[in-house]
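Residue numbers (our numbering), protein chains in the order written: chain S, 1 to 173; chain G, 1 to 256.
Have a look at the structure below before the remarks.
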């Protein structure tokens, strides 16, 4: 593996997995992200953080894939498929995700994205905000809500604190 | 007195976003609030679990189809880094030289670093050499007219599809011969044309290792007038002996 990229592929795959919840789709997302990065290599400023640049490309690639799929979905709805009312098998069954990942995957997309960037990939709040094109305050409020849900998902966690005992919330939405 | 510890501080503590001083303050605060400390521990624990679980899932996932594109991207970025360094070095040395010369000549007035900083790209240099060689060959009847259309040669240059796309010259230019020309980054295509009044003109086209969109720029190099531009991954050079402005006009026309 090329020395410039060798430390970034695993994190990109982690992020892709968290975004898609599916190994096939996450492989495709990594591939497409790299292809776009190759195309746009001329726009990379060597003074900029390569990891953040790559994650930003992955975020945008995923977002446009979602938009595309939503459009395709709308078209399918309009055609009015009556074929099946069965619930599609969960994407999660493709991998033996641990309960930890399962609870992560139950988070809404926007919270999961922030959670992975910060808790797993260790991005600063500011960098995460920049690469997601959202304000820092939004990053923090999504993160707080994600944590809240994860705490709730592991029922009766030993550290549960009644809300009244916490210092006042100073997060900006 | 230090600022009171907020929920934001606790969150930033878990996410490792605090400076050392604030971290110590948070730890002191947590030592007095065991319930909150347990919750923070719990969040930290969940964070580690998440990291491990995701890493494991990403590691066992499928065949690694990322290796080849990662290699390719790595090379592109490495080149970009090298280019960035050398551009800065060259620009700096040019600025120094121009500054010194201007200072020596005009006492520091009239230096125009911008015009001095235009650096001839490597492919344009190669195109100038190839242009001169083919003119010598032509004068001495050393080559046979190529039966293959230039597009066929363009296919051969990359050895794969898509080939190097060739711009269309006006019909008044007749292709006389097409060649593969080796250069730093593989094979380039060179097409020799005869213009309306019999003048020789060469088109040099090559695939490059960096993506860029550059407008045509004309200059005279070693007695050859060239106009060169880059369009995406491909670089083009027109070479001739005519007027610089005419060549630039032609280049601008066919580069669109």
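Ideal placement from N, C-alpha and C gives every residue a C-beta, glycine not left out.
- Message: Looking at chain S, is there any beta carbon in it that lies within less than 8 Å of the beta carbon of residue 46 of chain G?
- Response: Taking Cβ atoms only, chain S reaches closer than 8 Å to residue 46 of chain G, which makes this a yes.
- Message: Assuming contact is defined by CB atoms lying nearer than 8 Å, are residue 78 of chain G and residue 4 of chain S in contact in what I supplied?
- Response: In contact: residue 78 of chain G and residue 4 of chain S (Cβ atoms closer than 8 Å).
- If you draw a straight line from the alpha carbon of residue 182 of chain G to that of residue 85 of chain G, how long is it in whole angstroms? When rounded, the distance between both Cα atoms is 26 Å.
- Query: If you count every other CB in all the chains shown that lies within 10 Å of the CB of residue 8 of chain S, and 16 or more means buried, which is it?
  - Reply: It counts as buried.
- Task: Let me know the beta strand (DSSP E) ranges lying completely inside the region 166-203 of chain G, each 3 residues or longer, listed in chain order.
- Result: For the region 166-203 of chain G, whole beta strand (DSSP E) runs of length 3 or above, ordered along the chain, are 174-183 and 186-194.
- Task: Ignore the nearest five residues each way along the sequence and tell me which others in residue 244 of chain G's own chain have a CB closer than 6 Å to its CB.
- Result: Exclusion of the five residues before and after residue 244 of chain G leaves 218 and 225 as the residues of its chain whose Cβ lies within less than 6 Å of its Cβ.
- Message: Within a Cβ cutoff of 6 Å, which residues of the same chain sit near residue 154 of chain G, ignoring the five residues on either side of it in sequence?
- Response: For residue 154 of chain G, the CB contacts under 6 Å within the same chain, skipping 5 residues up- and downstream, are 163, 164, 166 and 189 in chain order.
- Item | Residue range of the beta strand (DSSP E) that includes residue 225 of chain G | DSSP places residue 225 of chain G inside the beta strand (DSSP E), whose first and last residues are 224-240.
- Is it right to say residue 140 of chain G is buried, meaning 16 or more other beta carbons lie within 10 angstroms of its own, or is it exposed? Only exposed fits residue 140 of chain G, as fewer than 16 other CB atoms lie within 10 angstroms of its CB.
- Message: Using beta carbons (cut-off 8 Å, strictly below), is residue 25 of chain G in contact with chain S?
- Response: The beta carbon of residue 25 of chain G does not come within 8 Å of any beta carbon belonging to chain S, so the residue lies off that interface.
- Message: Please state the DSSP three-state secondary structure of residue 17 of chain G.
- Response: Looking at residue 17 of chain G - three-state DSSP - the assignment turns out to be coil, as it is neither helix nor strand.
- Task: Less than 8 Å between the CB atoms is what I'm expecting for residue 10 of chain G and residue 36 of chain G, so what's the real figure, rounded?
- Result: With a Cβ gap of about 7 Å, residue 10 of chain G and residue 36 of chain G count as contacting.
- Task: Given a cut-off of 8 Å, decide if residue 135 of chain G and residue 221 of chain G are closer than it, judged by their beta-carbon atoms.
- Result: In this structure, residue 135 of chain G does not lie closer than 8 Å to residue 221 of chain G by Cβ.
- Task: Examine the Cβ distances between the region 28-37 of chain S and the region 102-119 of chain S and report whether three or more of them are shorter than 8 Å.
- Result: No: the two stretches stay apart, fewer than three of their Cβ pairs being nearer than 8 Å.
- Item | is_contact[residue 185 of chain G, chain S] using C-beta, thresh 8 Å | Cβ-Cβ to chain S under 8 Å: no for residue 185 of chain G.
- Nearest-angstrom Cα separation, counted from residue 144 of chain S out to residue 13 of chain G: Using only the alpha carbons, I get a separation of about 13 Å.
- Message: Short of 8 Å Cβ to Cβ, which residues in the region 203-214 of chain G face chain S?
- Response: So the list reads 210, 211 and 212, given in the order they occur along the chain.
- Message: Considering Cα atoms alone, identify which of G:172, G:184 and G:251 is closest to residue 193 of chain G.
- Response: Of the listed residues, the one whose Cα sits closest to residue 193 of chain G is G:172.
- Would you check if the region 229-246 of chain G and the region 201-217 of chain G touch, i.e. whether three or more CB-CB distances between them fall below 8 Å? Between the region 201-217 of chain G and the region 229-246 of chain G there are three or more inter-stretch CB-CB distances shorter than 8 Å, so the stretches are counted as touching.
- Could one say the Cβ of residue 30 of chain S lies closer than 8 Å to chain G's Cβ atoms, at least one of them? Residue 30 of chain S counts as touching chain G.
- If the cut is a Cβ gap below 9 Å, which residues of chain G does residue 10 of chain S touch? Taking a Cβ-Cβ cut-off of 9 Å, the neighbours of residue 10 of chain S in chain G comprise 55, 58 and 59, given in sequence order.
- Query: What did DSSP end up calling residue 2 of chain G once you bin it into helix, strand or coil?
  - Reply: In the three-state DSSP reduction, residue 2 of chain G falls in the coil class, being neither helix nor strand.
- Query: If you compare alpha carbons, which of G:41, G:179 and G:198 is closest to residue 127 of chain G?
  - Reply: Of the candidates G:41, G:179 and G:198, G:179 places its Cα closest to the Cα of residue 127 of chain G.
- Message: Quick check: residue 111 of chain S and residue 142 of chain S, are their CB atoms within less than 8 Å of each other?
- Response: Their beta carbons are under 8 Å apart, which means residue 111 of chain S touches residue 142 of chain S by this criterion.
- Based on the DSSP secondary-structure assignment, which residues constitute the bridge partners of residue 213 of chain G? BP columns for residue 213 of chain G point to G:231.
- Task: Measure from the C-beta of residue 70 of chain G to each C-beta in chain S and report whether the shortest distance is under 8 Å.
- Result: The beta carbon of residue 70 of chain G falls within 8 Å of a beta carbon belonging to chain S, placing the residue at that interface.
- Message: My assumption, with CB atoms under 8 Å, is that residue 38 of chain S sits in contact with residue 72 of chain G. Please give the rounded CB distance.
- Response: Between residue 38 of chain S and residue 72 of chain G, the beta carbon gap of about 6 Å places them in contact (Cβ cut-off 8 Å).
- Task: Using a Cβ-Cβ cut-off of less than 8 Å, list which residues of the region 105-133 of chain S approach chain G; keep chain order.
- Result: Within the region 105-133 of chain S, the qualifying residues are 115, 116, 118, 119, 120, 122, 124 and 125.
- Task: Verify whether the separation of the beta carbon atoms of residue 58 of chain G and residue 29 of chain S is less than 8 Å.
- Result: Result no, Cβ atoms of residue 58 of chain G and residue 29 of chain S do not sit closer than 8 Å.
- Message: Tell me which residues of the region 55-76 of chain S have at least one Cβ-Cβ distance to chain G shorter than 9 Å, keeping chain order.
- Response: Within the region 55-76 of chain S, no residue has a Cβ that lies closer than 9 Å to any Cβ of chain G.
- Message: Just verifying my parser: in three-state terms, what is the DSSP assignment at residue 81 of chain G?
- Response: DSSP, reduced to helix, strand and coil, places residue 81 of chain G within a helical segment of the structure shown.
- Just to confirm, are residue 39 of chain G and residue 125 of chain S a CB contact at a threshold of 8 Å? Taking 8 Å as the cut-off, the Cβ atoms of residue 39 of chain G and residue 125 of chain S do not count as close.
- chain S residues whose Cβ lies nearer than 8 Å to that of residue 51 of chain G: In chain order: 119 and 120.
- Query: Could you give the distance in angstroms between the alpha-carbon of residue 241 of chain G and the alpha-carbon of residue 133 of chain G?
  - Reply: So the alpha carbons of these two residues sit roughly 14 Å apart.
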